[in-house]
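Participant:
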Amino acid sequence: MNKIDLDVALRHWAVNPLAGPVVLVTTVNGHGWVNIAPKSWVSFVSGKPFRLVLGCHREHHTAMNLFANGECVINFPSDDIAQKVWNAQDPLPPAPEEPKERGFATIPAVKVKPPRLVECRAHMECVMEDVLTFGDELAFILRVAAASVDESVLDADDPMVDLRPMFYVAPGTYGVIERGRPVK
Ligand SMILES: Cc1cc2nc3c(=O)[nH]c(=O)nc-3n(C[C@H](O)[C@H](O)[C@H](O)COP(=O)(O)O)c2cc1C
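Residues 0 to 183 in numbering that gives the first Met the number 0 are what the sequence shown lists, from first letter to last.
1. When you compare only the Cα positions, how much space is there between ALA104 and THR25?
2. Would you decide whether HIS60 is buried or exposed? Buried here means 16 or more other CB atoms lie within 10 Å of its CB.
3. Between which two residues does the beta strand (DSSP E) harbouring SER45 extend?
4. Where are the alpha helix (DSSP H) runs, 4 residues long or more, that stay fully inside the stretch 60 to 115, in chain order?
5. If ASN127 sits next to ILE73, beta carbons under 8 Å apart, how far is it from one beta carbon to the other, in whole angstroms?
6. Which first and last residues belong to the alpha helix (DSSP H) in which ASP161 is found?
7. For THR61, is the beta carbon positioned less than 7 Å from some heavy atom of ligand 1?
8. Who pairs with ILE35 in a beta bridge, going by DSSP?
9. For VAL152, name the three-state secondary structure that DSSP assigns.
10. Just to check my reading of the structure: ALA121 and VAL148 have Cβ atoms closer than 8 Å, yes? What is that Cβ distance to the nearest angstrom?
11. Strictly by DSSP, which residues pair up with ASP129?
Here you go:
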């Protein structure tokens, strides 16, 4: 089998072998105004307790709000709202009604100040524990303080059929897990 080199200096390869989950991160600024941003550089890094790493540019509102108060909610959208998720990358100046402007409703989180997004079916409420710096790029280490899912997800025979999580494949392109497959 021929192996074709991918140029590690490029920002986007012709194929993405490490598609990350598409999430919507909610944070709040000093006024308590909610910010929503899509992210996909997200992964578990520990299990006792659950911790995540979140990759984020230092100039993003998400990073600034995390530095300001150390809290966020990672909301997991399903593909039925893919366009709205993608549109949320367009920067907006901080405003008291950003969720409404972006077409999202909010409900309070259990353990942190940023809210959960009603349109997402799963949520992880996180507290910042550490941050690694790579120039302008930051890796936030976040402890999961609480997690929740819509009842419909747990009621389904296969939770993935209801959750339908999205994964970032390329600019403007995502993939979806449509069901869980048992290993034979
Ligand atoms: C699907 C998707 C995934 C993204 N993933 C990331 C990411 O992991 N890290 C990042 O810094 N920006 C990511 N972006 C870009 C940010 O969402 C975008 O720059 C946004 O304006 C940042 O918003 P903020 O300033 O409110 O945090 C992603 C965009 C999309 C559409």
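Glycine included, C-beta positions come from ideal geometry on N, C-alpha and C.
Facilitator: Looking at the atomic coordinates:
1. 12 Å
2. buried
3. 41 to 46
4. 60 to 68, 81 to 86 and 97 to 100
5. First, the amino acid is wrong: residue 127 is Met here, not Asn. Not a contact, Cβ separation roughly 12 Å.
6. 158 to 162
7. yes
8. THR25
9. helix
10. 5 Å
11. ILE140
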